[in-house]
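Notes to accompany the following structure.
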Amino acid sequence: MADIDNFNPNDVGVKGTLFGLPFDTDSAKVVVIPVPWDVTVSYGAGTADGPEAILEASSQIDFSQLDIAEPWKLGVAMADIPEVWYSLGSELREKSEEYIAWLEEGSDEAEREEMEAILAEINKETHQLMEYVKQQSEYWLSQGKTTILVGGDHSTPLGHFQACAKHYGDFGLLQIDAHADLREAYEGFEFSHASIMTNALKIKELTKLVQVGIRDFCDEEQQLIANSNGRVVTFFDQQLKHDQYVGKTWASQCEEIINELPQQVYISFDIDGLDPKLCPNTGTPVPGGFDLEQVMYLIKQVVKSGRTIIGCDLNEVSPSEDEWDANVGARALYRMINLMAASKEMLKLN
């Protein structure tokens, strides 16, 4: 499909492919794996529509970047959005909402058997989804592709973590997020979006989890961080901001963050790590957070440090009646892909 020599990056963006670029998954060097799933979200739903919305909005992006020459020539494509998982997720989301409401209303004993059956069904199907994601990720990696996953809620990249661990070996995980996501089977959901990092820590190749921007967490999570013997290092949003108020620069803070990372890095970006003005419809927005360029500066410094970004994900983009959230998500995705490629010397970072 690729016809990059005849592609004019100055033309109007044409919808139909990711960023309107003339690549398919065969010709692309980077494959985006879409996972339209938000069954276990505990607040606002809608992130299952994130991959489709990002794809739709992506054709509005202008391609040039100040520090990377001709990044559109890299070769990027999104795999087909799996309708079967979207449909199943929509069906299970209704059951999940019924179950969560039962919990929030005091767990009526008369309904316990019915609700526990719903929980068991959701845990079973979510486990199957994780296996699907792992298999898809392993397939594209075996084809020599660099991969990035787009959710869906933040539970979706677990299989991608596992596939990257198998393919690349030991790595550190850089998490950009408002939430610690270190709960144990939150609300009974084994693969809850609030438990993604607890599940990630079960991967033996994951040597370090570095969290940045965290501003919503519980005592259980704080204790896990404190008792992790340094395997989990958290840069809380409050402390980052307070240090900046007395003169510490974001550049110096990024250096501290990066010093905690090993040579190989996976980046997991929950869009709610940003200021909610940039993602007002995300599932669990929290006041505070980053501007988009702050996050991209951090990722750029990871690349400039000589570390290799082995994989990424972008999650929790929930569209609304306008394209604002998807617009921001598409731009975040484009920049992340190019920086990841630069870390692998597929593109040159100036």
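Here this note's numbering = 1-based position in the sequence shown + 2.
From the three backbone atoms N, C-alpha and C, an ideal C-beta is built for every residue, glycine too.
Open item on the list: Along the chain, where does the beta strand (DSSP E) containing Val234 start, and where does it finish?
Closed with: Here residue 234 corresponds to residue number 232 of the sequence shown, with the count starting at 1. Per DSSP, Val234 belongs to the beta strand (DSSP E) from Val234 to Phe238.
TODO: Please classify Lys216: does DSSP put it in a helix, a strand, or coil?
DONE: Here residue 216 refers to the residue found at position 214 when the sequence shown is read from its first residue. Before going further, note that residue 216 is Ile rather than Lys in the sequence given. Looking at Ile216 - three-state DSSP - the assignment turns out to be strand.
Task: Residues near Phe238 in its chain [Cβ-Cβ closer than 7 Å; skip 5 each side] - done: Residue 238 sits at position 236 when you count from the first residue of the sequence shown. Result list for Phe238: Ile216 and Arg217, in chain order.
Task: When Asp183, Ser29, Gly313 and Ser60 are compared against Val14, the one with the closest alpha-carbon - done: Numbered from its first residue, the sequence shown carries residue 14 at position 12. Comparing Cα positions, the closest option is Ser60.
Task: For Tyr134, the nearest candidate out of Ala187, Leu68, Glu99 and Ile35 (CA to CA) - done: In the sequence shown, the residue the question calls residue 134 occupies position 132. The candidate whose alpha carbon is nearest that of Tyr134 is Ile35.
Task: Proximity to Met117 [Cα-Cα], best of Asn340, Val288 and Ile102 - done: Taking the sequence shown and counting its residues from 1, the one referred to as residue 117 is at position 115. Looking at the Cα atoms, Ile102 is the closest of the given residues.
- [ ] Entirely within the segment 251-310 and at least 3 residues each: give me those beta strand (DSSP E) ranges in chain order.
- [x] 266-272
Task: Selected residue, minimal CA-CA separation from Ala47, among Leu57, Asn12, Arg95 and Pro24 - done: Within the sequence shown, residue 47 is the residue found at index 45, counting from 1. The candidate whose alpha carbon is nearest that of Ala47 is Arg95.
TODO: Within the same chain, show all residues whose beta-carbon is closer than 8 Å to that of Pro278, passing over the 5 residues directly before and after it, in chain order.
DONE: Within the sequence shown, the letter at position 276 stands for residue 278. Answer for Pro278: Thr284, Pro287, Val288, Pro289 and Gly291, listed in chain order.
Task: Close Cβ partners of Asp293 (< 8 Å) along its chain, the five nearest in sequence each way excluded - done: Taking the first residue of the sequence shown as position 1, residue 293 is located at position 291. If we look at Asp293 and ignore the five residues flanking it on each side, its Cβ neighbours are Leu276, Asp277 and Leu280.
TODO: Report the rounded CA-to-CA distance for Glu318 versus Leu341, giving the unit in angstroms.
DONE: The residue given as residue 318 occupies position 316 in the sequence shown. The residue given as residue 341 occupies position 339 in the sequence shown. Leu341 has its alpha-carbon roughly 21 Å from the corresponding atom of Glu318.
Open item on the list: According to DSSP, simplified to helix, strand and coil, what is Ile56?
Closed with: By one-based count along the sequence shown, residue 56 stands at place 54. Reduced to three states, the DSSP call for Ile56 is helix.
Open item on the list: Please state the DSSP three-state secondary structure of Ile339.
Closed with: Mapped onto the sequence shown, residue 339 falls at position 337. Helix, per DSSP.
TODO: With distances taken Cα to Cα, identify the nearest neighbour of Glu106 among Trp87, Thr49, Tyr45 and Gln137.
DONE: Translated into positions along the sequence shown, residue 106 becomes position 104. Answer by Cα proximity: Tyr45.
Task: Extent of the continuous beta strand (DSSP E) run through Ala79 - done: On the sequence shown, position 77 is the one that residue 79 refers to. Start and end: Val78 to Met80.
Task: Cβ shell of Phe173 (< 8 Å), same chain only, five flanking positions each side left out - done: Position 171 of the sequence shown, counted from the start, is the residue given in the question as residue 173. Only Cys166, Ala167, Glu207, Leu208, Thr209, Pro264, Gln266, Val267, Tyr268 and Ile312 meet the Cβ criterion.
TODO: Would you mind stating whether Ile6 and Lys75 have Cβ atoms separated by less than 8 Å?
DONE: What you label residue 6 is simply residue 4 of the sequence shown in a count that begins at 1. What you label residue 75 is simply residue 73 of the sequence shown in a count that begins at 1. Yes; because the gap between Cβ atoms is below 8 Å, this pair is in contact.
- [ ] Taking the CB atoms as reference points, tell me whether Ala196 and Tyr188 lie closer together than 8 Å.
- [x] Sequence index remark: in the sequence shown, residue 196 carries index 194 (1-based). Sequence index remark: in the sequence shown, residue 188 carries index 186 (1-based). Their beta carbons are under 8 Å apart, which means Ala196 touches Tyr188 by this criterion.
Open item on the list: Would Ile63 and Arg333 be called neighbours here (beta carbons separated by less than 8 Å)?
Closed with: By one-based count along the sequence shown, residue 63 stands at place 61. By one-based count along the sequence shown, residue 333 stands at place 331. Yes, they are a contact pair.
Task: Secondary structure of Ile150, DSSP reduced to three states - done: To locate residue 150, count along the sequence shown from 1; it is residue 148. In this structure, Ile150 counts as strand in the three-state DSSP scheme.
Task: Nearest neighbour of Glu262, chosen from Leu211, Ala253 and Val248 [CA to CA] - done: Reading the sequence shown from its first residue, position 260 is the one you call residue 262. Closest by alpha carbon: Leu211.
Task: Residue environment, Thr251, which counts as buried when at least 16 other CB atoms sit within 10 Å - done: For the purposes of this step, residue 251 is taken as residue 249 along the sequence shown, with counting starting at 1. So Thr251 ends up on the exposed side.
TODO: List the DSSP bridge partners of Ile227.
DONE: Within the sequence shown, residue 227 is the residue found at index 225, counting from 1. Bridge partners of Ile227: none, in fact.
Open item on the list: Spatial neighbours of Phe21 within its chain, please: C-beta separation below 7 Å, excluding the five flanking residues on both sides.
Closed with: Taking the first residue of the sequence shown as 1, we reach residue 21 at position 19. Cβ within range, chain order: Ser60, Ser61, Ile63, Val78 and Tyr336.
Open item on the list: Going by DSSP, what residue range makes up the alpha helix (DSSP H) through Leu90?
Closed with: The count along the sequence shown starts at 1 and reaches residue 90 at position 88. It spans Glu85 to Glu106 - the alpha helix (DSSP H) in which Leu90 sits, taken as one unbroken run.
Open item on the list: I'd like to check one pair, Gly52 with Gly331: are the Cβ atoms closer than 8 Å?
Closed with: Within the sequence shown, the letter at position 329 stands for residue 331. Within the sequence shown, the letter at position 50 stands for residue 52. The answer is yes: Cβ separation under 8 Å.
Task: Boundaries of the beta strand (DSSP E) in which Phe173 is found, first to last residue - done: Position 171 of the sequence shown, counted from the start, is the residue given in the question as residue 173. Phe173 to Ile178 is the extent of the beta strand (DSSP E) around Phe173.
Task: Pick from Ser320, Val305 and Asn329 that is closest to Ser345, judged by C-alpha positions - done: As a position in the sequence shown, residue 345 is number 343, starting the count at 1. Of Ser320, Val305 and Asn329, the residue nearest in Cα terms is Val305.
Task: Between the CA atoms of Asp110 and Asp315 - distance to the nearest angstrom - done: As a first step, residue 315 must be located in the sequence shown, where it is residue number 313. As a first step, residue 110 must be located in the sequence shown, where it is residue number 108. About 38 Å.
Open item on the list: Measuring straight from C-alpha to C-alpha, what distance separates Ile178 and Asp272?
Closed with: Residue mapping note: residue 178 aligns to position 176 of the sequence shown, counting from 1. Residue mapping note: residue 272 aligns to position 270 of the sequence shown, counting from 1. Answer to the nearest angstrom: the Cα atoms are 6 Å apart.
TODO: Out of Phe65, Ala81 and Asn125, point me to the one whose CA is closest to Tyr141's CA.
DONE: Your numbering for residue 141 matches position 139 in the sequence shown. Among Phe65, Ala81 and Asn125, the Cα nearest to that of Tyr141 belongs to Ala81.
TODO: Can you tell me which of the three DSSP states Lys350 falls into?
DONE: Sequence index remark: in the sequence shown, residue 350 carries index 348 (1-based). In the structure shown, Lys350 sits in coil (DSSP, three-state: anything other than H, G, I, E or B).
TODO: Could you tell me which residues DSSP pairs with Ile70 in its beta bridges?
DONE: As a working mapping, residue 70 is identified with position 68 in the sequence shown. Answer is Gln67 and Leu351.
Task: Exposure label - Leu226; buried when at least 16 CB within 10 Å - done: Residue 226 sits at position 224 when you count from the first residue of the sequence shown. Here Leu226 is buried: its Cβ has 16 or more other Cβ atoms, across all protein chains shown, within 10 Å.
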